[in-house]
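Peer 1: Before I ask anything, here is the structure I am working with.
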Amino acid sequence: MSAERWKDDEALLESIRKGVPGAADELLRLYQGKIFNLAMSILKNESDAEEAAQDVFMTVIRKADTFQGNSAFYSWIYRICVNTCLMRLRGKRRNETVSIEEFMPVFTDEGMHASPMDDWSKEVERDALNEELGRMIRKYTEELSEKYRVVFVLSDVEGLSNEETARILGLTVPAIKSRLHRARLYLREQLSRYLREGKAG
Amino acid sequence: MICKELAYMLADYFNGSMDARLREELDDHLSRCEPCAAFTKTYQAVADRTHSLRRHIEYEIPPEVSKRLEAFIHAAALKYPEKVREYRDQVERDRREKVADLVRAATAGKLSSATALLVESHCAACPECGGYLAALRETGTTQAGDPPEGIRSHLIALMQTLPPGEEFFLA
Chain L
1 MSAERWKDDE ALLESIRKGV PGAADELLRL YQGKIFNLAM SILKNESDAE
51 EAAQDVFMTV IRKADTFQGN SAFYSWIYRI CVNTCLMRLR GKRRNETVSI
101 EEFMPVFTDE GMHASPMDDW SKEVERDALN EELGRMIRKY TEELSEKYRV
151 VFVLSDVEGL SNEETARILG LTVPAIKSRL HRARLYLREQ LSRYLREGKA
201 G
Chain Y
1001 MICKELAYML ADYFNGSMDA RLREELDDHL SRCEPCAAFT KTYQAVADRT
1051 HSLRRHIEYE IPPEVSKRLE AFIHAAALKY PEKVREYRDQ VERDRREKVA
1101 DLVRAATAGK LSSATALLVE SHCAACPECG GYLAALRETG TTQAGDPPEG
1151 IRSHLIALMQ TLPPGEEFFL A
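Right, here's the structure in full:
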């Protein structure tokens, strides 16, 4: 984040603290797209994401006084958003147990690959497929159960480190790694099928 | 190492937490096993490309959601500074009343012994407060209004040194 952006955020927060007219509108203009997108990635549901976004901006306005300038504003509002979404998920959490086998390719009894593997890693480098693949990744991410989805969204979609993700979710780093691994295996498996079928058709 | 083991260990392989000997074994398996090599490359492609591929495919906020959000926050933001002001005003009023009580009690000689001691020792060192209270006592006014700002701030500081819950009046 550039120094200028940071200064702008500081000034904006100051205006919110003072209740300057238009400050809240500016806050929304800058961040509502980002916040809605992140909330959708975690909650997968438009009305839930809308309510979460309301909560997030209310919290920002209410806590503008307590924001410590030692972290970037973006990471602050981001964390508020993740926590708000997690609170909402907690209310409707179901017992989800998924065996790792469901994310894995098929192995023989000896533990060897049961079928030949297609190497499509070069295909996902092609710019022409960017949008299509982006959409497919989004779709497959939605299919993941919450436990894996939240970790995958924070780590691989948003690009946080395992340590940061662990801190936000209150989990250990090994737990993050293991969930992220399964999520990637699932995405890999689904993308494999998609690209294979795409080619056949 | 067999293919299935390799698939389980890939995450450690990429995030650098795998020990050197195991890594060697894994590399060796990769160089000899075509399906595992393809599996590993595609796994890495998912890990490496997700961030950049998803960046352009965001969930767009629908215009009506955006409008509702604006209306909601607008109302909230307008109310917020009002509430803070109300709260600050209330705190200020409470303080003024307390100081006025203290001054009245001091003038009438009705301070608790601990408070009286505090006030006395402060007045001995502070001509401003000492003079003010002495003048009030002399004229016998018990209906003193607000003391001047400087004196009020001294008396507020003084009251804050009282233990919590300590009453400064004599019962």
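Residue numbers (our numbering), protein chains in the order written: chain L, 1 to 201; chain Y, 1001 to 1171. Built from N, CA and C at the ideal position, the CB exists for glycine as well. Since the structure is predicted, the reported quantities are computational estimates derived from the model, not experimental observations.
What first and last residue would you give for the alpha helix (DSSP H) that runs through Ile1002 (chain Y)?
Peer 2: Per DSSP, Ile1002 (chain Y) belongs to no alpha helix (DSSP H) and is neither H nor E.
Peer 1: Output the distance between the C-alpha atoms of His1051 (chain Y) and Arg1021 (chain Y), rounded to the nearest integer angstrom.
Peer 2: Near 31 angstroms, if we compare the C-alpha coordinates of Arg1021 (chain Y) and His1051 (chain Y).
Peer 1: Over the uninterrupted alpha helix (DSSP H) stretch that includes Gly1150 (chain Y), give me the two end residues.
Peer 2: First-last of the alpha helix (DSSP H) with Gly1150 (chain Y): 1149-1160.
Peer 1: Take the Cβ of His181 (chain L) as the centre, count every other Cβ of all protein chains shown within 10 Å, and call the residue buried at 16 or more, exposed below.
Peer 2: Buried.
Peer 1: Just list the beta strand (DSSP E) runs in the segment 1008-1034 of chain Y, keeping only unbroken ones of 3 residues or longer that don't cross its boundaries, in chain order.
Peer 2: For the segment 1008-1034 of chain Y, not a single whole beta strand (DSSP E) run of length 3 or above is found.
Peer 1: In chain order, what residues of the same chain lie with their CB nearer than 6 angstroms to the CB of Cys85 (chain L), ignoring the 5 residues before and after it?
Peer 2: Taken in chain order, the residues that qualify are Ala39, Ile42, Leu43, Ala52.
Peer 1: At a threshold of 7 angstroms, does Glu1149 (chain Y) count as lining the ligand GDP (C-beta to nearest heavy atom)?
Peer 2: Inclusion of the ligand GDP in the displayed structure is not the case, the ligand content being empty and no account of it being possible.
Peer 1: For Arg1054 (chain Y) versus Arg138 (chain L), is the C-beta distance shorter than 8 angstroms?
Peer 2: Yes. Within cutoff.
Peer 1: Considering only DSSP beta bridges, list what Phe1169 (chain Y) is partnered with.
Peer 2: Looking at the DSSP assignment, Phe1169 (chain Y) forms a beta bridge with Y:Leu1111.
Peer 1: Hey, Val153 (chain L) and Arg179 (chain L): beta-carbon distance below 8 angstroms or not?
Peer 2: Not a contact, by the Cβ cut-off of 8 angstroms.
Peer 1: Using C-beta distances below 7 angstroms, list every residue in its chain close to Arg1032 (chain Y), excluding the 5 sequence neighbours before and after it, in chain order.
Peer 2: So the list is empty, once near-sequence residues are dropped.
Peer 1: List the residues of chain L that Phe1066 (chain Y) touches, going by C-beta distances under 9 angstroms, in chain order.
Peer 2: Rather than Phe, the amino acid found at residue 1066 (chain Y) in this sequence is Ser. Near Ser1066 (chain Y) (Cβ distances below 9 angstroms), the residues of chain L are Leu28, Gln32, Gly33, Phe36.
Peer 1: For Tyr148 (chain L), count the other beta carbons within 10 Å of its own beta carbon; 16 or more makes it buried, fewer makes it exposed. Which is it?
Peer 2: Per the 10 Å Cβ criterion, buried.
Peer 1: So, Ser121 (chain L) versus Thr1042 (chain Y), is the Cβ gap smaller than 8 angstroms?
Peer 2: Yes.
Peer 1: Once the 5 residues before and after Val1099 (chain Y) are set aside, which same chain residues still bring their CB inside 8 angstroms of it?
Peer 2: Asp1146, Pro1147, Arg1152, Leu1155, Ile1156, Met1159, listed in sequence order.
Peer 1: On the DSSP bridge assignment, give the partners of His113 (chain L) in chain order.
Peer 2: Beta-bridge pairing links His113 (chain L) to L:Phe107.
Peer 1: So, for Val106 (chain L): in the same chain, excluding its five sequence neighbours on each side, which residues have a beta-carbon less than 6 angstroms away from its beta-carbon?
Peer 2: So the qualifying residues of the chain are Ala114.
Peer 1: Glu1070 (chain Y) CB to nearest chain L CB: under 8 angstroms?
Peer 2: Glu1070 (chain Y) counts as touching chain L.
Peer 1: Taking only beta-carbon positions, decide if Leu1053 (chain Y) is within less than 8 angstroms of chain L.
Peer 2: Yes, Leu1053 (chain Y) lies at the interface with chain L (some Cβ there is under 8 angstroms from its Cβ).
Peer 1: Does the contact criterion of 3 or more C-beta pairs under 8 angstroms hold for the segment 15-26 of chain L versus the segment 1078-1091 of chain Y?
Peer 2: Output reads yes: the segment 1078-1091 of chain Y touches the segment 15-26 of chain L.
Peer 1: Assign Lys63 (chain L) to buried or exposed, taking buried as 16 or more other Cβ atoms, counted over all protein chains shown, within 10 Å of its Cβ.
Peer 2: So Lys63 (chain L) ends up on the exposed side.
Peer 1: Measuring only the C-alpha atoms, how far is Val60 (chain L) from Ala1007 (chain Y)?
Peer 2: Straight-line Cα distance between these residues: approximately 43 angstroms.
Peer 1: For Met1018 (chain Y), collect the residues of the same chain with a Cβ closer than 8 angstroms to its Cβ; drop the 5 residues on either side in sequence, then sort them by chain order.
Peer 2: Once the five neighbours on either side are set aside, the close Cβ partners of Met1018 (chain Y) are Met1009, Asp1012, Leu1026.
Peer 1: Between Ala23 (chain L) and Glu1149 (chain Y), what straight-line distance do the alpha-carbon atoms span, to the nearest angstrom?
Peer 2: Cα to Cα, the separation comes out at about 34 angstroms.
Peer 1: Inspect the beta-carbon positions of Ile168 (chain L) and Val82 (chain L) and report whether they are closer than 8 angstroms.
Peer 2: Yes, the Cβ-Cβ distance between Ile168 (chain L) and Val82 (chain L) is below 8 angstroms.
Peer 1: Could you pull out every residue in the same chain whose Cβ sits closer than 8 angstroms to the Cβ of Glu1167 (chain Y), ignoring the five residues on either side in sequence?
Peer 2: Once the five neighbours on either side are set aside, the close Cβ partners of Glu1167 (chain Y) are Ser1112.
Peer 1: Quick one: what does DSSP say Arg1104 (chain Y) is sitting in, helix, strand or coil?
Peer 2: Arg1104 (chain Y): helix per DSSP, three-state reduction.
Peer 1: With respect to the alpha helix (DSSP H) encompassing Cys1126 (chain Y), which residues constitute its N-terminal and C-terminal limits?
Peer 2: It is not in any alpha helix (DSSP H) - Cys1126 (chain Y) carries neither H nor E in the DSSP assignment.
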